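Following: one structure in structure tokens, then a few remarks.
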Amino acid sequence: MLNPLQVLQELNESSSFLQPLAFTLLAICLVLLYTWYSSTKTTTQKSSPPPSPPKLPIIGNLHQLCSYPHRSIQALSQRHGPLMLLHFGSVPVLVVSSAEAARETLKTHDLAFSGRPKSTIFEKLLYNYKDVSTAPYGEYWRQVRSICVSNLLSNTRVRSFRSVREEETKSMIKNINDLSSSSSTSSSVLNLSEMFVRLTNDVVCRVALGRKYDDGEGGQSGRMFKKLLEEFTDLLGTVNIGDYIPWLSWLSHINGLGAKLDKVAKQLDDFIDTAVQEHMNHSSKSGDDDQKDFLDVLLAIQKENLKGIPIDRVSIKGIILDMFAAGTDTTYTALEWAMTELLRHPRVMNKLQNEVRGIVGNKTDVITEDDLVEMHYLKAVTKETLRLHPPLPLLFPRMSTRDVEVNGYNIKANTHVFINAWQIGRDPKLYDNPEEYEPERFLNSGIDYKGNDFQLIPFGAGRRVCPGLQFAMAVNEIALANIVHKFDWALPGEASGEDLDMTESIGLTPHRKYPLKAVAFPHSS
């Protein structure tokens, strides 16, 4: 590389006739040239973006995504690397597909990637980002998240609702027992997917609103609310093309998406607002603070302005909706896939049943959470299920709040970030036989799913980790333990585990495309 000092020295030695003024001008020019060259080289190095596949005009890389984006992205990242830049229309999207890259993004540079992208769907359904999950990073988000972590989803608060989880699990077990004892052959084939949806909905309704909204207690309003929740979760996984190609935003008025968003948002607001008003009308309710539902707690915080954190009625409704979005669909999906894998792998089912039955013996009542402590294989089954079937294969998107360098690549501000937790969980560099269902890999292992081990991050990590993960897993474990303890299971007809259709549904939280159906035989020791 050109060194101006060497040039000056040579000129000084060989060009005695050079006039002082000319010498000075030449020196200045050479120094400026060297400075410009060094600056340009450094800038070029720092501005290098991550590898990217070729894109098309207007749509960018959208044409390369199929109905299952986590699978499409896996194929692309295998060619372009664990940090890959895509373009969804005019929006730059950083895709993270390895545990090490996830650590850099969610831990080393967590603050720089703590933003949330704007979305027409989130804006309309979640009160203009007044909830916790979609709120932009800043003071409001810190305040409402503190409320959730300290007052709604702390270890103490989650434990306080154990009776709700145990009662609803007992109700489900009774329902299974009644149906499996029926003389009708058709009645003995159980729709487990439907039962798991009902279980999680009932638990979240009681914890969040203080009551169930089922056919018995809620009547018509209960059926309407369950239908609304289905539409709500479906819409959360819908792509609005106008978010990526702004000049096509008018399409939502043509394809009906805008009208459906408005309708569901209004109906949900009416329902939640009625529940808020009912609680306000009975605000004199006293008693053990542990027995208060989430809405009671939020209204008390609003009234007393606890910790100087001001929240209004809209914030309360947004937080409550978050509980339903995160606490129902994701929990039910994890439970459904766990039971699917157990039916598909009889060896694992038998091993889990032996552990559970060996610990609780011939207990006739429902297994309680105290019984779960020593069930290590149950916990391994839970982790292995989350590894292969994370509730959100692509973690809830983040956004860079400033320019930041990651692994030598420059990521511009306002870049959307997708973490492919599904691909990380199937990485052969991290797991032997990654496509096989082998819970034993987590026995005697310190790996957990709480965000500290980046090879298993079904709930994210860092500042934006899901605050309700303990609540969700508490429901999952007690339900699964009781199901395998009380019953032996088989697939309908002569079907074997290999016959199970493993096709995923399309959406934010891919559950089974087809309901999980099985036959239960009450276990007798």
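So the sequence shown is numbered by the numbering used here: it starts at 463 and just counts up by one. The beta carbon of each residue, even a glycine, is placed where N, CA and C say it ideally should be. For clarity, every value in this text was computed on a predicted model and none was experimentally measured.
M861 has G577 and H878 as its beta-bridge partners, per DSSP.
If you draw a straight line from the Cα of D832 to the Cα of K825, it comes to about 13 Å. For A952, the enclosing beta strand (DSSP E) has its first and last residue at F949 to A952. Looking from the CA of P579, the closest CA among V946, S633 and D705 belongs to D705. Rounded to whole angstroms, the separation of the alpha carbons of D758 and M742 is 8 Å. Taking each of C610, L931 and L697 in turn and checking the Cα distance to I968, the smallest one comes out for L697. For R619, the closest C-alpha among the options V553, P929, S958 and E585 is that of P929.
In summary, I829 is buried, with 16 or more beta-carbon neighbours lying within 10 Å of its beta-carbon over all protein chains present. Cβ neighbours of E846 within its own chain (closer than 8 Å, five residues either side excluded): E803, Y899, E900, P901, R903 and F904. Under the three-state reduction of DSSP output, M837 falls in the coil class, being neither helix nor strand. For K813, the enclosing alpha helix (DSSP H) begins and ends at P808 to V822. H549 carries a strand assignment under DSSP once its states are collapsed to helix, strand and coil. Fewer than three Cβ pairs drawn from the stretch 911-924 and the stretch 580-591 lie within less than 8 Å of each other, which leaves the two stretches out of contact. Take the alpha-carbon of V665 and the one of R685: they are about 16 Å apart. R809 and I521 have their C-alpha atoms some 48 Å from each other. Taking a cut-off of 8 Å for Cβ pairs, the stretch 631-645 and the stretch 942-952 touch, as three or more such pairs fall below it.
By alpha-carbon distance to E939, the top candidate from P598, K569, F658 and D755 is F658. In this structure, D784 places its C-beta atom within 8 Å of the C-beta atom of S595.
With a beta-carbon spacing of about 16 Å, P512 and L568 fall beyond the 8 Å limit used to define contacts.
One thing to note: S986 has its Cβ no nearer than 8 Å to the Cβ of A574. Only residues of its own chain outside the window of five on either side were considered, and among them H525 have a CB closer than 7 Å to the CB of L518, listed in chain order. If the five residues before and after H851 are omitted, its C-beta is found closer than 6 Å to the C-beta atoms of W799, all from its own chain and listed in chain order. Annotation: the continuous beta strand (DSSP E) that includes L652 extends over V651 to N653.
Residue pairing for I873: DSSP places it in a beta bridge opposite V866. Assignment of F623 by DSSP, reduced to helix, strand and coil, places it in the coil class. Per DSSP, the beta bridge partners of P554 are H549. When the Cα atoms are used, A537 and S560 turn out to be separated by approximately 13 Å. Boundaries of the beta strand (DSSP E) harbouring V981: K979 to P984, taken from the DSSP string.
Selection S616, I609 and P890 evaluated against I763 yields I609 as nearest (Cα-Cα).
With 16 or more other Cβ atoms from the protein chains shown falling within 10 Å of its own Cβ, H571 counts as buried. Ranked by how close their Cα comes to the Cα of K975, the residues F983, K754, E966 and V843 have E966 in first place. Approximately 7 Å separates the beta-carbon atoms of L654 and K979; this is inside 8 Å, confirming the contact. A Cβ-Cβ separation of about 13 Å leaves Y602 out of contact with S576 under the 8 Å criterion. Relative to the Cα of R607, the nearest Cα in the group N702, F584, I778 and L854 belongs to I778.
A direct Cα-Cα distance of roughly 22 Å separates E562 from N876.
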